[in-house]
Amino acid sequence: MTNVKAQDVRQQLLHELDHLSEEQLNIRMEPHWTIGEVCDHLIKMDHQILLTLQYALTKNIEEVVPSKPIERALDRSMKIEAPDIVAPNPGPFEKASLIDRLHQGKQSLDEEIEATNQERLERLSAKHPVFSRLSLKQWVELRTYHEQRHIEQIKELKQDPRFPSK
Numbered sequence: 018m019t020n021v022k023a024q025d026v027r028q029q030l031l032h033e034l035d036h037l038s039e040e041q042l043n044i045r046m047e048p049h050w051t052i053g054e055v056c057d058h059l060i061k062m063d064h065q066i067l068l069t070l071q072y073a074l075t076k077n078i079e080e081v082v083p084s085k086p087i088e089r090a091l092d093r094s095m096k097i098e099a100p101d102i103v104a105p106n107p108g109p110f111e112k113a114s115l116i117d118r119l120h121q122g123k124q125s126l127d128e129e130i131e132a133t134n135q136e137r138l139e140r141l142s143a144k145h146p147v148f149s150r151l152s153l154k155q156w157v158e159l160r161t162y163h164e165q166r167h168i169e170q171i172k173e174l175k176q177d178p179r180f181p182s183k
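Note that the numbering used here has the sequence shown beginning at 18, numbered continuously upward.
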């Protein structure tokens with residue numbers, strides 16, 4: 018199951034990071050996260066989703082759950098505080114290291130998704146802190162919406178008049 022859309026979204030994220038300096042990556046404009054912190058959060062999310070999939074696949078308890086409106090994750094007017102487990106480290110961050118970690122995290126998660134039967138992703142579920150129980154398939158789909166949400170956050174940070182030009 019190739020998640021092309023997820024790949025496109027990750028390319029958008031990398032494009033947003035392309036020409037940033039280390040200073041721009043780590044500049045804090047209160048009350049917001051730095052762009053480096055946003056990326057660290059996305060890395061932690063990929064890892065947490067991977068662990069959630071692995072746990073649910075190991076437990077193998079089938080519980081079909083109704084589809085949830087996970088596209089709501091795109092609504093930036095709805096503020097959601099990140100659980101501690103995926104809250105970003107304070108930085109500072111090195112751009113090359115962040116990009117490498119983004120690639121590694123996505124690759125590990127994509128490999129797990131590729132190795133898993135699509136029907137199992139639909140039949141198995143796990144608890145989500147915002148959406149309650151989600152099928153593993155929706156966990157995977159939510160990852161893409163979540164990343165899009167944070168790409169918009171990065172764009173907003175870059176457009177802030179306080180953001181350094183280089």
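Beta carbons are placed, not taken as given, at the ideal position from N, Cα and C, and that holds for glycine.
Between the C-alpha atoms of Asp57 and Gln121 there is a straight-line separation of about 12 Å. Of the residues assessed, Ile97 falls on the exposed side of the cut-off, its CB having fewer than 16 other CB atoms within 10 angstroms. For the pair Lys172 and Leu42, the Cα-to-Cα distance works out to about 12 Å. Spatial neighbours of Pro100 in its own chain (CB-CB distance under 7 Å, excluding positions within 5 residues in sequence) are listed in chain order as Pro146.
Counting along the chain, Ala143 sits inside no alpha helix (DSSP H); it lies in the beta strand (DSSP E) bounded by residues Ser142 to His145. Counting along the chain, no beta strand (DSSP E) covers Leu91, and no H or E run does either. Minimum Cα-Cα distance from Ser149 among the listed residues Val157, Lys85 and Phe180 corresponds to Lys85. With contacts defined by Cβ atoms closer than 8 Å, Leu159 and Ile87 form a contacting pair. Ser38 sits exposed, since fewer than 16 C-beta atoms from the chains shown fall within 10 Å of its C-beta. Cβ contact annotation for Ile102 (same chain, cutoff 8 Å, sequence separation greater than five): Lys61 and Gln65, in chain order. Taking 8 Å as the cut-off, the Cβ atoms of Gln170 and Val26 do not count as close. In the DSSP annotation of this structure, the continuous segment of the beta strand (DSSP E) that includes Leu151 starts and ends at Ser149 to Ser152. If you check the CB distance, Val82 and Leu151 come in under 8 Å.
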